[in-house]
Amino acid sequence: MKLSYSGASPYVRKAMICAILRGIDGQFTDLGLRTTNPALAALNPLAKIPTLVLDDGTVLYDSPVICEYLDSLGTAPKLFPPPGPARWKALQLQALGDGILDASQPRRREIALPQDEGRREYIATQRGKVERAVEALEAEAEQLGELTTIGEITIACALGYLDFRYPDEAWREGHPKLAAWYAKVLALPAMAKTMPVG
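Going by our numbering, the sequence shown runs without a break in its numbering and finishes at 494.
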């Protein structure tokens, strides 16, 4: 399998953590294509990472699909629970974590541009989404496991991205339960091995 890769992408990190936890991380090679490379757009019309090319040439994107595919490989405990309440909870948490990332990545680009009223309003709106999501996670923090489902993996990647790109925003303030949970999972090998760079 070949994976389009960036050491700074939280979406790639999410896929790599799934691969590590499923015991298949050694089965990847770097596709060597970044988002600006036209060859990536030929594989994935969205030209986004991660993009996974299977050995038979099948192309999968983006992280929710890739992670669910990876969960079909290997023999380790499943990260996507079977149909039922536990699955819906894991998928809800995945959506919340992906939502934090979806609000944070474009906001980072907007901050670097000249500011006008519209741009400031957009940045504030996106930051508000992140703040509300973190507040919701604080209320659920005591029920979170240690990277046992795709939901917890995604939440951990989202909080890691906030640390990586927004260190001055101090999401831990006022969220002691979530901060304590994150400190526990941050020490896990899959998290340590995938720390963002770049």
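Cβ coordinates follow ideal geometry from the N, Cα and C atoms, glycine included. Quick caveat: nothing in here was measured; it's all calculated off a predicted structure.
Taking just the CA atoms, how far does residue j sit from residue i?
i    : j    : result
M297 : E417 : 42 Å
K473 : I451 : 14 Å
R403 : P492 : 18 Å
L440 : L484 : 15 Å
D464 : A475 : 15 Å
S359 : A488 : 20 Å
R383 : I362 : 17 Å
P334 : E427 : 36 Å
W477 : R461 : 20 Å
On the DSSP letters alone, give me the boundaries of the alpha helix (DSSP H) that residue i sits inside.
i    : result
C426 : Checking the sequence shown, residue 426 turns out to be Val, not Cys. Start and end: 413-436.
L387 : 381-407
F376 : Element bounds for F376: n/a, residue is neither H nor E.
V481 : 472-482
D459 : 446-461
K489 : 485-489
L336 : 334-339
M312 : 306-318
V493 : Segment: none, V493 is in no alpha helix (DSSP H) and carries neither H nor E.
L366 : 359-366
Flag this pair as yes or no: are the beta carbons of residue i and residue j separated by less than 8 Å?
i    : j    : result
C453 : I313 : yes
D326 : Y301 : yes
E442 : V481 : yes
L350 : L356 : yes
A315 : L392 : no
A304 : G494 : yes
L317 : A486 : yes
N340 : T332 : no
A311 : L299 : yes
For residue i and residue j, which I take to be in contact (beta-carbon distance under 8 Å), what is that distance rounded to the nearest angstrom?
i    : j    : result
R309 : T490 : 5 Å
K425 : A399 : 4 Å
Q388 : G456 : Q388 to G456, Cβ: 20 Å. No contact.
I407 : I396 : Actually they are not in contact, since the Cβ atoms of I407 and I396 sit about 16 Å apart, beyond 8 Å.
D386 : P377 : Looking at the sequence shown, residue 386 is not Asp but Ala. Yes, A386 and P377 are in contact; Cβ-Cβ is about 5 Å, under 8 Å.
- [ ] Kindly confirm or deny that the region 419-432 and the region 366-379 touch, where touching means at least three C-beta pairs closer than 8 Å.
- [x] The answer is no - the region 366-379 does not touch the region 419-432, with fewer than three Cβ pairs under 8 Å.
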